[in-house]
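See structure below.
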Amino acid sequence: MIKMETQEIETESLNLLYNKLKPEERLGLLYQDFPKNQVLMTSSFGTTSVYLLHLISKINKNQKVYFINTNYHFQETLNYKNHLQDLLGIEIIDLNPDKLHNKFTTENQIWKENPDLCCSVNKVLPLNSLKEKHQVWISGLIGQQNEFRNGKSVFEQTKEILKFHPIIDVSLEEVNKHIAKYNLPRNPLLSKGYGSVGCMHCTSKGEGRTGRWKATSKTECGLHNQKKNIQVAV
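Taking my numbering, the leading residue of the sequence shown gets 72, the next gets one more, and so forth.
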């Protein structure tokens with residue numbers, strides 16, 4: 072079992088070992104290489120999320136899954152989250168933003184003029200304290216989703232934590248086949264034309280992630296692209 076500090080872990084060696092494995096094998100090995108209580112997992116409960124959640128439910132049903140509840144999610148997403156918790160038997164924990172920060176972004180509709188600040192306040196900052204308590208973070212990024220994600224490896228060392236992308240090289244076709252094979256439910260917004268789902272204010276209908284932050288250059292919320300920390304005073 073790996074016990075060294077996160078910053079000292081040789082990500083290149085880990086990638087050489089894990090690259091040749093299937094997603095299920097990667098997840099199984101992760102729990103051998105890292106203490107289970109040091110593994111952090113988040114999910115957006117978006118249009119492809121059920122694939123990784125299903126794998127996790129088969130490999131480590133005790134893995135806690137954190138959902139960053141910005142208070143701006145579609146009701147369909149919230150209902151879907153609750154449904155998957157019952158269906159897969161996994162524990163889902165809501166992670167909420169600071170109340171004053173959230174009130175500030177709501178009253179000033181910050182997402183209209185500064186979506187980066189809104190994401191930082193309501194998504195990035197709430198997760199920071201959890202990162203400090205864990206050694207590795209499981210994310211459900213898929214390389215095929217956009218150019219930014221396409222360049223990532225299975226393991227990625229960031230300043231705060233070691234990130235683990237077990238399905239980064241899985242094609243969307245493979246994801247869809249798995250979901251169909253096991254008759255897993257999708258986020259209902261997919262059938263309404265939303266290829267990707269986030270907060271209501273910044274999500275429009277569209278193929279893939281084209282409906283996210285439409286008419287802006289923004290493509291990521293900030294959880295996975297490391298931007299300079301934004302200080303908030305309210």
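Glycine residues also receive a C-beta, built at the ideal position from the N, C-alpha and C atoms.
Between the Cα of N258 and the Cα atoms of S267, A251, S275, which residue gives the shortest distance? S267
What span of residues does the alpha helix (DSSP H) with Q156 cover, start to end? 146-159
Just to confirm before moving on: does the CB-CB distance between P197 and N167 stay below 8 Å? yes
Ranges of the beta strand (DSSP E) found wholly within the segment 88-132, counting only runs of at least 3: 110-112
T274 (DSSP reduced to helix, strand or coil): strand
Quick check: the segment 185-197 against the segment 160-174, are at least 3 beta-carbon pairs closer than 8 Å? yes
Give me the DSSP bridge partner(s) of K55. Residue 55 lies beyond the residue range present for the chain, which begins at 72 and ends at 305; the question has no answer from this structure.
Shortest alpha-carbon distance to M112 belongs to which of N247, E244, E81, F235? F235
How is I312 classed by DSSP in three states: helix, strand or coil? The structure shown does not extend to residue 312, since the chain is modelled only from 72 to 305, so the question has no answer here.
Tell me where the beta strand (DSSP E) around I213 begins and ends. It is not in any beta strand (DSSP E) - I213 carries neither H nor E in the DSSP assignment.
Quick check on this structure: which residue in T176, S120, S128 has the alpha carbon closest to the alpha carbon of Y143? T176
Contacting residues, own chain, Cβ-Cβ under 8 Å from I239 (five flanking each side not counted): L212, I213, G214, R220, K223, S224, V225
When you compare only the Cα positions, how much space is there between Q103 and K129? 15 Å
For P94, I'd like the list of residues in its chain whose CB is within less than 7 Å of its CB, leaving aside the five on either flank, ordered along the chain. L126, P237, I238, V241
For V225, which three-state DSSP category applies? coil
On the premise that E231 lies in contact with K202, defined as a C-beta separation below 8 Å, what is that separation, rounded to the nearest angstrom? 5 Å
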